[in-house]
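Residue numbers (our numbering), protein chains in the order written: chain B, 1 to 360; chain E, 361 to 443. Cβ coordinates follow ideal geometry from the N, Cα and C atoms, glycine included. Remember, predicted model here, so these are calculated numbers, not experimental data.
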Amino acid sequence: MTPPGNPGSLGDFEVAVRYSEKAAVVAVRGEVDLITVPHLAGVIDAVVDRGPTTVVLDVGGVTFMGAGGLGVIASALRRLEPGGGRLVLRGSSPFLRRLLGITGLDTVSEIEDTVAPPDVLPAALTQELVRATAFPADTDVVDSALRLVVALAQMVVQHADGISISLNRHGRLATVAASDQTVSSMDAEQYEAGEGPCVDAATNGRSFHAVSLSDETRWPDFTPKALGLGINAILSTPLLMEGRPAGAINMYSRTTRAFAGHDQQLASAFATEASLILTHASAGPAEEDLTARLTDSLRIRQVIAQAQGIVMCREGAGAEEAYAALRHMAVSQGRTFTELATEVVASVRRQGREPGDHRA
Amino acid sequence: MTTVPEHAVDALDRARTDAQLTHGELFLRYFELGGMSSALQVEAFCYGALEPSDHDHDIIAHAINERFSEFGQNHPIAYSDDP
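So, in structure tokens, the structure goes:
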């Protein structure tokens, strides 16, 4: 007997097939994962080859189904449809049904509502994710893994109306995954205000929970904006990269006191998974990413040099004197140096276009 | 000859850490703002191993201050020409 957990072990995975007059019932138990999925695919192929009109896939005993299992369902559908056959899913959990909904498979297969087994543990799904990203990865791969974490969290955390992941990239916070536009705006409002649970969690490396935003005093600029968008509770849990704060997973709810202890545990579990993905992928920034950043830096540097030159001409100032003058203006107007320099350069361009202006 | 007092130079690296900027990120921001020194020199300025000119000090201070203002803090690092 193979000990449990041994690589290559099928664990408690089992497939049983029964035939009735026109239907074949395929009953599956255990985990449908990377190791067991070829077995399931083989059995279903053999069943479909016999040409039944209906294949019933009984997944009531399935404790975990990864992307491979969904692939098997999709391919069975593709093979059955041309011959007028149909696929019926029996005993699927609410969680699996939502997965099927996301992948569009719920519209083509029939889903029988029977006994619902306990929901699949989210951690089991994200383990596949971590396996898939367990090597230095480029930004695109990390982002898509994080988007998947957000999608999974959205399915599992029932009280969250929206979820996002913010990451500190090049010293600035940015939303890399969000369940919808409102959530992205919520994040952006926080970056702009420089405050909010997301900013605090990503900065301080601990959770920030706004239980009821209407009673909240910690974020005076941001809170009214969130309330204005109908948000009443926020839970931001930090992501850590090699132990240092690197971002946050943010859960938003329209309902006051939406996030109870169970949701906080789930938030923490998803934050851990996302942190693992980040840590595995953090062998250094991808070359393309770095090139883009440097190109950007050169452009900003050029605009600042132009603005400096303009002030030197206008004021008859030296280079460093002009630079200090621009800095004073930026600080006193509460703007970044880049914003100010961009406007100084643009103002000269506007003057240059004015009618009756005869300067060369 | 610089007029930046020694404790202010010391303060740069603490401020950099408080602002959660790595040396690399700080250098990129410094470079964007028109700084002419190398990454190694900027790191040495932070640690106080090299003394920056007032101009260099102010660019580094501003890079860190802009980072702080992203957190909603108002320019905690002094410039060489602050009154």
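- Straight-line spacing of the CA atoms in Val56 (chain B) and Ile35 (chain B) works out to 23 Å.
- Bridge pairing for Ile249 (chain B): B:Ile165 and B:Thr237 [DSSP].
- At the C-beta level, Asp33 (chain B) and Gly84 (chain B) stay beyond 9 Å of one another.
- Only buried fits Leu381 (chain E), as 16 or more other CB atoms lie within 10 angstroms of its CB.
- Look at Ser166 (chain B): its C-beta is not under 9 Å from any C-beta on chain E.
- Contact between Thr256 (chain B) and Ala233 (chain B) holds: their C-beta atoms lie close to 6 Å from each other, under 8 Å.
- Between Tyr407 (chain E) and chain B, the shortest Cβ-Cβ separation is not below 9 Å.
- DSSP lists B:Val55 as the beta-bridge partner residues of Leu87 (chain B).
- Within the same chain, Cβ atoms closer than 6 Å to the Cβ of Ile304 (chain B) are found at Ala341, the five residues on either side in sequence being excluded.
- The contact set of Glu343 (chain B) on chain E, defined by CB atoms closer than 9 Å, is empty, because the minimum CB distance reaches about 16 Å.
- Only residues of its own chain outside the window of five on either side were considered, and among them Val176 and Ala177 have a CB closer than 8 Å to the CB of Asp143 (chain B), listed in chain order.
- Excluding its 5 nearest sequence neighbours in each direction, Thr279 (chain B) has C-beta neighbours in its own chain below 6 Å: Met241 and Glu242, listed in chain order.
- Below the 7 Å Cβ cutoff, chain E contributes no neighbours of Gly68 (chain B), its closest Cβ being approximately 39 Å away.
- When the alpha-carbon of Asp45 (chain B) is set against those of B:Gly71, B:Glu195, B:Phe64 and B:Arg29, the nearest one is in B:Gly71.
- Residues of the region 238–262 of chain B with a Cβ closer than 9 Å to any Cβ of chain E, in chain order: Arg244 and Pro245.
- Contact check between the region 182–192 of chain B and the region 205–216 of chain B: fewer than three CB pairs, one atom from each, fall below 8 Å, which does not count as touching.
- Excluding five sequence positions before and after Thr182 (chain B), the CB atoms of its chain that fall closer than 7 Å to its own CB belong to Gly162 and Leu229, given in chain order.
- Under a criterion of Cβ atoms nearer than 8 Å, the residues of chain E adjacent to Phe337 (chain B) are, in order, Leu393, His422 and Glu426.
- Residue pairing of Leu173 (chain B) in beta bridges, as defined by DSSP: B:Asn168.
- Secondary structure at His209 (chain B): strand, using DSSP grouped into helix, strand and coil.
- Close to Glu195 (chain B), with beta-carbon spacing below 7 Å, are these residues of chain E in chain order: Gly432.
- It is roughly 59 Å from the alpha-carbon of Gly91 (chain B) to the alpha-carbon of Asn434 (chain E).
- Among the residues of the region 19–33 of chain B, none has a Cβ less than 9 Å away from any Cβ of chain E.
- Residues of chain E whose Cβ lies closer than 9 Å to the Cβ of Val55 (chain B) do not exist, since the nearest Cβ in that chain is about 55 Å away.
- Counting only the Cα atoms, Leu173 (chain B) lies some 26 Å from His328 (chain B).
- At a cut-off of 9 Å between beta carbons, Glu14 (chain B) makes no contact with chain E.
- Looking at B:Lys225, B:Asp263, B:Gly60 and B:Thr237, the one whose alpha-carbon comes closest to that of Arg97 (chain B) is B:Gly60.
- For Ala319 (chain B), the enclosing alpha helix (DSSP H) has its first and last residue at Ala319 to Gln333.
- Annotation: Ala151 (chain B) to Val43 (chain B) spans about 30 Å, alpha carbon to alpha carbon.
- Shown here, Val142 (chain B) sits in a helix according to DSSP, grouped into three states.
- Distance from the CA of Ser253 (chain B) to the CA of His209 (chain B), rounded to the nearest whole angstrom, comes to 12 Å.
- Within a 10 Å sphere around the beta-carbon of Cys406 (chain E) sit 16 or more other beta-carbons, which makes this residue buried.
- With its beta carbon at least 9 Å from every one in chain E, His159 (chain B) lies outside the interface.
- CA-to-CA, the gap between Gly432 (chain E) and Ser179 (chain B) works out to about 27 Å.
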